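Residue numbers (the numbering used here): 1 to 411.
Heads up: the structure comes next, in structure tokens.
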């Protein structure tokens, strides 16, 4: 099975090289991986003790961040490394202030690439988030006596572990991972059913993060001038379907203010073309104040503001659920006591199921079904308030996963 796995990794590398000819993200990811060793060589020495967190993309990074921040305070003499598989995660974090000493792409999972990378420092704790497992990496780290943890782990019945050929993968996890911190009791039960007894239910660390965000200063310059005390719908991480919902909304309600924060900033020109009277956040200055106050739609053409913008929202529409790209973060909006709407094409998303179950959120087959409900929320203040309060209570009821994880790691 290890030979088959290594063949799979080789095929993955080949496929990415071919795909990079046609796809900019793949090209960027390949180029970044070629630089990963240089990045760690420039920051670390072989003697540096390092806490290393790996995340597939931005969502997983945000899940791991509360734990990484606490570990940084507990092990202040250690250096911090964060690696990504996806360019979207890497791009978002490298542009911001972050706690890591080094941020780079994870090398491809071959013995040669991983060993060359790890030889540049001394990893002592390795954290992987959710379900990002690279078996050569885990094996090499365990042979170096690194403590290995999986946080916000999420097991589900269709994973490779539950297939007839999955025993090898389970055995690798059993041999190499010190502890699994699961998001849900169901995930813990599935893991233990596979023989992964080193498992416990800690909860989802993202709840800790959004509770903390809610207590911070969430002021965003110029937003009050744009809103003018009207009701506001924030379309967060939007795709084409959410923007079609904006079209339906403004055809029926000319008073509501709309803030669109697209998932991909490259789509801003297309959104501006769709809504020619909209204003861009980057265009705001004193000379255009009247233009901003009169506009109905504001397009956010920079990163890093969305989590704060939800604090201004009366209703939030979160993108990714009307197609198979994957539902984006709904917890940031729910933490502010805001009703959350999204498409129903989501899976492996227990927080969406939880919010829907307690009437703090609602999902829809498409934007045409969502539009009447969104209009009703804007008309019915009591309904909107109650759903928002349900969302807030759902967030507040979640356990402190970060503390549960730290207690185990430090014990």
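For every residue, glycine included, the Cβ atom is placed at its ideal position computed from N, Cα and C.
Being a predicted model, the structure only gives us computed values, none of them experimental.
If you compare alpha carbons, which of 409, 305 and 79 is closest to residue 213?
Sequence index remark: in the chain shown, residue 213 carries index 213 (1-based). Of the candidates 409, 305 and 79, the one whose C-alpha sits nearest the C-alpha of residue 213 is 305.
Rounded to the nearest angstrom, what separates residue 195 and residue 132 at their Cα positions?
Taking the chain shown and counting its residues from 1, the one referred to as residue 195 is at position 195. Taking the chain shown and counting its residues from 1, the one referred to as residue 132 is at position 132. Each residue's alpha carbon lies about 19 Å from the other.
Based on DSSP bridge pairs, tell me the residues matched to residue 280.
If you number the chain shown from 1, residue 280 lands on position 280. DSSP, once it has assigned bridges, lists 299 as partnering residue 280.
Apply the 10 Å Cβ neighbour rule to residue 376 and answer buried if 16 or more other Cβ atoms are within range, or exposed otherwise.
Here residue 376 refers to the residue found at position 376 when the chain shown is read from its first residue. Burial call: exposed.
May I have the straight-line CA-CA distance separating residue 182 from residue 355, to the nearest angstrom?
Residue 182 sits at position 182 when you count from the first residue of the chain shown. Residue 355 sits at position 355 when you count from the first residue of the chain shown. So the alpha carbons of these two residues sit roughly 19 Å apart.
Euclidean distance between Cα positions of residue 160 and residue 166:
For the purposes of this step, residue 160 is taken as residue 160 along the chain shown, with counting starting at 1. For the purposes of this step, residue 166 is taken as residue 166 along the chain shown, with counting starting at 1. Computed Cα separation, rounded: 5 Å.
When burial is assigned at 16 or more other CB atoms within 10 Å of the CB, is residue 281 buried or exposed?
Numbered from its first residue, the chain shown carries residue 281 at position 281. Flag for residue 281 reads buried.
If you compare alpha carbons, which of 217, 190 and 179 is closest to residue 162?
Indexing the chain shown from 1 puts residue 162 at position 162. Selected option, being the one with the closest Cα: 190.
Using three-state DSSP, classify residue 339 as helix, strand or coil.
Taking the chain shown and counting its residues from 1, one reaches residue 339 at position 339. Three-state result, residue 339: coil.
What three-state label does DSSP hand residue 235 in the structure shown?
On the chain shown, residue 235 is found 235 positions in, with the first residue counted as 1. Strand.
When the Cα atoms are used, what is the spatial distance from residue 336 to residue 316?
Within the chain shown, residue 336 is the residue found at index 336, counting from 1. Within the chain shown, residue 316 is the residue found at index 316, counting from 1. When rounded, the distance between both Cα atoms is 10 Å.
Looking at the strands, I want to know which residues DSSP matches up with residue 199.
By one-based count along the chain shown, residue 199 stands at place 199. Paired residues: 180.
Coarse secondary structure for residue 267, derived from DSSP in three states
Taking the chain shown and counting its residues from 1, the one referred to as residue 267 is at position 267. Reduced to three states, the DSSP call for residue 267 is helix.
Distance CB(residue 345)-CB(residue 323) smaller than 8 Å:
Here residue 345 is taken as the residue at index 345 of the chain shown, counted from 1. Here residue 323 is taken as the residue at index 323 of the chain shown, counted from 1. Going by C-beta atoms, residue 345 is nearer than 8 Å to residue 323.
So residue 234 and residue 259 are supposed to be a Cβ contact under 8 Å. How far apart are they, rounded?
Looking up residue 234 in the chain shown gives position 234. Looking up residue 259 in the chain shown gives position 259. Indeed, because the Cβ distance is near 5 Å, the residues count as touching under 8 Å.
Taking all protein chains shown into account, decide if residue 76 is buried (16 or more other Cβ within 10 angstroms of its Cβ) or exposed.
Walking along the chain shown from the start, residue 76 turns up at place 76. Exposed, by the Cβ-count rule.
Helix, strand or coil for residue 124? Go by DSSP, reduced to three states.
Mapped onto the chain shown, residue 124 falls at position 124. The answer is strand: DSSP assigns residue 124 an E or B state.
If you follow the alpha helix (DSSP H) that residue 293 is part of, which residue opens it and which one closes it?
Here residue 293 is taken as the residue at index 293 of the chain shown, counted from 1. Residue 293 -> alpha helix (DSSP H) spans 289–294.
Given a cut-off of 8 Å, decide if residue 325 and residue 156 are closer than it, judged by their beta-carbon atoms.
The sequence position of residue 156 within the chain shown is 156, counting from 1. The sequence position of residue 325 within the chain shown is 325, counting from 1. No, these two residues do not count as a Cβ contact at 8 Å.
Quick check on residue 371: does DSSP put it in helix, strand or coil?
Mapped onto the chain shown, residue 371 falls at position 371. Residue 371: helix per DSSP, three-state reduction.
Of the residues 134, 122 and 158, the one placed nearest residue 145, counting alpha carbons only
Working through the chain shown from its first residue, we reach residue 145 at position 145. For the residues 134, 122 and 158, the minimum Cα distance to residue 145 belongs to 122.
Within its chain, find whatever has a CB closer than 7 Å to the CB of residue 401; leave out the 5 residues flanking it on each side and keep chain order.
Residue numbering aside, residue 401 sits at position 401 when the chain shown is read from its first letter. These residues qualify, in order along the chain: 202, 203, 204, 205, 207 and 208.
Name the one or two DSSP bridge partners that residue 53 has.
For the purposes of this step, residue 53 is taken as residue 53 along the chain shown, with counting starting at 1. Note: residue 53 sits in a beta bridge opposite 82 and 127.
By DSSP, does residue 322 sit in helix, in strand, or in coil?
Counting from 1 along the chain shown, the entry for residue 322 is found at position 322. Here residue 322 sits in coil by DSSP.
Comparing alpha-carbon positions, which option in 211, 147 and 303 lies nearest residue 409?
Taking the first residue of the chain shown as 1, we reach residue 409 at position 409. Minimum Cα distance to residue 409 is reached at 147.
Starting from residue 262 and walking both ways along the beta strand (DSSP E), at which residues does that stretch end?
Within the chain shown, numbered from 1, the residue matching residue 262 stands at position 262. That run of the beta strand (DSSP E) goes 257–262.
Taking buried to mean at least 16 other C-beta atoms within 10 Å of its own C-beta, is residue 367 buried or exposed?
Your numbering for residue 367 matches position 367 in the chain shown. Answer is buried; the Cβ neighbour count reaches 16.
Whole angstroms are fine: how far does the CA of residue 126 sit from the CA of residue 149?
Counting from 1 along the chain shown, the entry for residue 149 is found at position 149. Counting from 1 along the chain shown, the entry for residue 126 is found at position 126. For residue 149 and residue 126, the distance between alpha carbons rounds to 6 Å.
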